[in-house]
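Using the UniProt record's numbering, you'd call the opening residue of the sequence shown number 1 and step up by one each time.
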Amino acid sequence: MKSQLLSRRDLDFLLFEWLRVEELTTRPRFAEHSRDTFAGALDLCEQVAARYFANHNKKSDANEPSFDGEKVTVIDEVKQAWDAFAGADLLAMSMDNERGGAQLPVAVAEAGFAWFAAANIASSGYLMLTIANANLLSRFATAEQIEDFFKPMLAGRFSGTMALSETQAGSSLADIITRAEPQADGTYRLFGSKMWISGGDHEFTENIVHLVLAKVPGGPPGTKGISLFIVPKFLLGADGSVGERNDVALAGLNHKMGQRGITNALLNFGEGKFSPGGKPGAVGYLVGEEHRGIVYMFTMMNEARLLVGMSAVALGYTGYLKSLQYARERPQGRAVTANDPAAPQIPIVEHADVKRMLLAQKSYVEGGMALQLYCAKLMDLMHSAESDEERDANSVLLDLLTPVGKSWPSQWCVEANNLAIQVHGGYGYTREYDVEQHYRDNRLNPIHEGTHGIQSLDLLGRKVPARGGAALAALGTVLGRSVATAGELGGELAEQASALDVAWQRLVAVTTAMFGSGDIEAAMANSVIYLEAFGHIVVAWMWLEQLIAAHGRDGDFYDGKRAAGRYFFRYELPKTAPQLDLLESLDRTTLDMRDAWF
């Protein structure tokens with residue numbers, strides 16, 4: 001039976017037939033690779049994910065981590081999965097050779113990691129955070145920090161986190177109050193607390209490397225005064241061995257509706273439960289320069305945002321495949337034209353409304369997967385760029401698409417999970433079937449790494465107007481090439497290209513009118529609507545690209561692509577028209593609402 005985690009056939013189509021990632025091997029960075037090594041990496045990821053991660057997905061959901069006041073306990077299978085992943089050298093899939101990595105394209109590594117997110121999003125979360133943490137250190141850490149913390153993470157001995165949020169600040173990082181006091185020996189002592197720290201405490205690695213945002217006294221106000229620190233759970237001896245406990249104390253675990261298998265912690269720094277060296281405060285090591293912590297952390301945050309988007313796609317995808325299999329096996333009812341009540345029942349996959357729900361899921365998850373892999377290839381083109389101009393061109397597009405890559409799948413692949421439950425009927429919301437857990441797990445992703453509202457403000461308030469709208473113009477250029485290519489192919493493709501072009505030109509005109517109005521408050525009030533419309537238009541472009549790649553090819557797979565693309569253009573893209581009308585009107589309904597009126 002085919003895998004119900006992801007479709008390997010679809011990944012091969014997206015990577016090799018559409019994105020043509022094997023062409024990257026002509027660039028020096030990827031010259032040691034081939035399509036065979038790419039396929040081998042995907043095979044390995046699928047095998048490890050199916051054997052070591054999928055096997056405890058429901059068990060870790062039912063037996064979430066516990067804290068007895070001293071020690072955190074997680075089920076044994078989590079460590080077994082961690083060890084299998086690390087033992088296969090998958091932590092360094094896309095990292096540089098000189099850092100001990102395999103230097104695979106990010107597009108291939110992301111496709112590989114999607115297997116783990118689909119198999120077990122909670123256990124894969126420990127890996128995701130460690131990889132992102134290590135990538136940040138690889139770029140900004142000192143040689144000594146690389147030796148002490150980066151290399152043990154790559155070996156699987158240490159795990160990593162990101163510690164940003166605080167209870168009184170939430171996503172408003174300018175308001176954090178954790179402080180870092182410099183010491184005579186060049187270290188810092190941290191005091192404060194951090195909330196919502198995934199992977200924040202456990203016992204299955206030797207150490208946990210926290211990347212912590214804090215303010216050094218006397219620094220500038222707001223985000224310009226934030227610095228970044230390495231704060232390990234255990235301090236290291238002179239020989240790199242794990243030694244004294246640092247003053248990082250677990251205050252408690254949060255209990256979430258989904259992704260229950262990964263610890264989610266409230267951590268206290270410098271509360272005095274532990275006193276390394278007999279002094280108060282958690283020992284921290286500055287990353288880079290003081291007051292530039294946000295600059296460094298944004299590299300990890302942006303990577304994490306796209307990883308959240310991929311996780312949302314993976315959860316939506318596995319839910320779709322499971323609901324498809326259920327629909328094929330579940331007999332119920334008869335065709336609307338059937339006149340004989342004694343006739344055999346038909347599988348529900350034959351009913352038009354079930355087909356609608358399956359098509360919607362297929363259009364969301366395959367469109368979302370295309371978006372994530374396109375963003376990943378932009379990273380590869382940046383990393384292997386042969387000129388500053390090429391690097392800048394791909395960077396501009398990636399910056400613009402990052403909030404979309406995070407938020408669009410986090411909205412619409414959750415909807416795919418919702419529809420998967422509906423396809424299952426009454427069985428869908430029982431714990432005996434997987435789809436209710438996938439929905440709960442995925443519902444966290446619209447909040448993880450910045451809500452829709454935060455991503456929409458980033459898109460409309462920062463990315464779109466940056467450099468005089470250069471990013472929007474750049475996206476319009478590459479989208480326009482797809483429209484022109486599809487137009488030349490004619491037929492339905494030309495019709496779809498025309499519909500996309502109309503929607504894009506309308507988006508550009510509305511954007512211009514919003515900023516030209518001078519009423520920035522009204523323009524930004526409906527930024528989430530802008531993000532939704534923008535995202536749907538971008539995913540329609542992803543579908544047009546896939547349909548061009550499938551053009552002239554026969555078989556059920558390609559016919560399925562054409563059907564899903566047709567669905568998106570006929571059922572989904574038209575939703576953007578009333579959204580753009582609303583945006584152009586600079587509607588003030590939300591702005592004018594008053595607290596007392598609720």
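For glycine and all other residues, C-beta sits at the position ideal for the given N, C-alpha and C.
Query: On the DSSP bridge list, what partners appear for residue 639?; Result: The shown model of the chain, from 1 to 598, leaves out residue 639, and the question about it has no answer.
Query: Give the DSSP-derived three-state secondary structure of R356 in the structure shown.; Result: helix
Query: Starting from V248, trace the beta strand (DSSP E) in both directions and tell me its first and last residue.; Result: V248 to L253
Query: Taking the straight line between their C-alpha atoms, what separation do you get for L213 and A163?; Result: 7 Å
Query: Using 10 angstroms around the beta-carbon of I262, count the other beta-carbons present and answer buried if the total reaches 16, otherwise exposed.; Result: buried
Query: Is I520 buried or exposed, if buried means 16 or more other CB atoms sit within 10 Å of its CB?; Result: exposed
Query: Answer with buried or exposed for S125, where buried requires no fewer than 16 other C-beta atoms within 10 angstroms of its C-beta.; Result: According to the sequence shown, residue 125 is Gly rather than Ser. G125 comes out buried.
Query: Identify the residues that DSSP records as bridge partners of P182: which are they?; Result: Y188
Query: Quick one: Cα of D380 to Cα of P105, how far?; Result: 6 Å
Query: What does a CB cutoff of less than 8 Å around M95 pick up in its chain, not counting 5 residues either side in sequence?; Result: G101, A102, Q103, A134, N135, S138 and L154
Query: So the alpha helix (DSSP H) I208 belongs to, where does it begin and stop?; Result: Not the alpha helix (DSSP H): I208 falls in the beta strand (DSSP E), residues N207 to K215.
Query: Give a yes or no on whether the C-beta atoms belonging to Y530 and L472 are separated by under 8 Å.; Result: no
Query: What distance in whole Å lies between the Cβ atoms of S527 and V423, which are believed to be in contact at a cut-off of 8 Å?; Result: Between S527 and V423 the Cβ distance is about 33 Å, and since that is not below 8 Å, they are no contact.
Query: Could you pull out every residue in the same chain whose Cβ sits closer than 7 Å to the Cβ of A499, ignoring the five residues on either side in sequence?; Result: F569 and L573
Query: Who does A163 pair with in a DSSP beta bridge?; Result: V212
Query: Mapping the DSSP letters down to three states, classify A228 as helix, strand or coil.; Result: According to the sequence provided, residue 228 is Leu. The question's Ala does not apply to it. Of the three classes helix, strand and coil, the one that applies to L228 here is strand, per DSSP.
Query: With distances taken Cα to Cα, identify the nearest neighbour of L543 among V414, E366 and R260.; Result: Note that residue 543 corresponds to Trp in the displayed sequence, not to Leu. Closest by alpha carbon: E366.
Query: So, at 6 Å on beta carbons, what are the nonlocal neighbours of L211 in its own chain, with the 5 sequence-adjacent residues on each side left out?; Result: N133 and M162
Query: Going by DSSP in three states, G284 sits in which element: helix, strand or coil?; Result: strand
Query: Going by other Cβ atoms of all chains shown within 10 Å of its Cβ, with 16 needed for buried, is E488 buried or exposed?; Result: exposed
Query: If you compare alpha carbons, which of A109, E98, G69 and H33 is closest to L11?; Result: A109
Query: Please go through the same chain and pick out, in chain order, the residues whose beta-carbon is closer than 6 Å to the beta-carbon of H202, but skip the five residues on each side of it.; Result: V72, V74 and T263
Query: Could you please give me the residues that DSSP links to F149 through a beta bridge?; Result: Its beta-bridge partners do not exist; DSSP assigns none.
Query: So, helix, strand or coil for T318, using DSSP?; Result: helix
Query: Once DSSP output is grouped into helix, strand and coil, what is the label at S275?; Result: coil
Query: Could you check how far apart the C-beta atoms of N445 and S311 are, in whole angstroms? I think they sit under 8 Å.; Result: 6 Å
Query: How far does the beta strand (DSSP E) with L266 in it extend, from its first residue to its last?; Result: N264 to F269
Query: Which value, in whole angstroms, describes the spacing of the CA atoms of Y317 and C413?; Result: 8 Å
Query: Whole angstroms is fine: what's the gap from G490's alpha carbon to A470's?; Result: 31 Å
Query: How about the segment 386 to 396 and the segment 354 to 366: do they share at least three Cβ pairs that are nearer than 8 Å?; Result: no
Query: So which of L586, R29 and V283 has the shortest CA-CA distance to E98?; Result: R29
Query: Just mark L475 as buried or exposed, buried being the case when its beta carbon has 16 or more other beta carbons within 10 Å.; Result: buried
Query: Could you spell out the range, first to last residue, of the alpha helix (DSSP H) harbouring F85?; Result: D76 to G87
Query: With a CB to CB cut of under 6 Å and the five nearest residues on each side skipped, what residues in its chain are close to L401?; Result: C375
Query: Curious, which full-length alpha helix (DSSP H) runs of at least 4 residues does the segment 454 to 480 contain?; Result: none
Query: Applying the 10 Å Cβ sphere with the 16-neighbour rule, what's the burial state of G218?; Result: exposed
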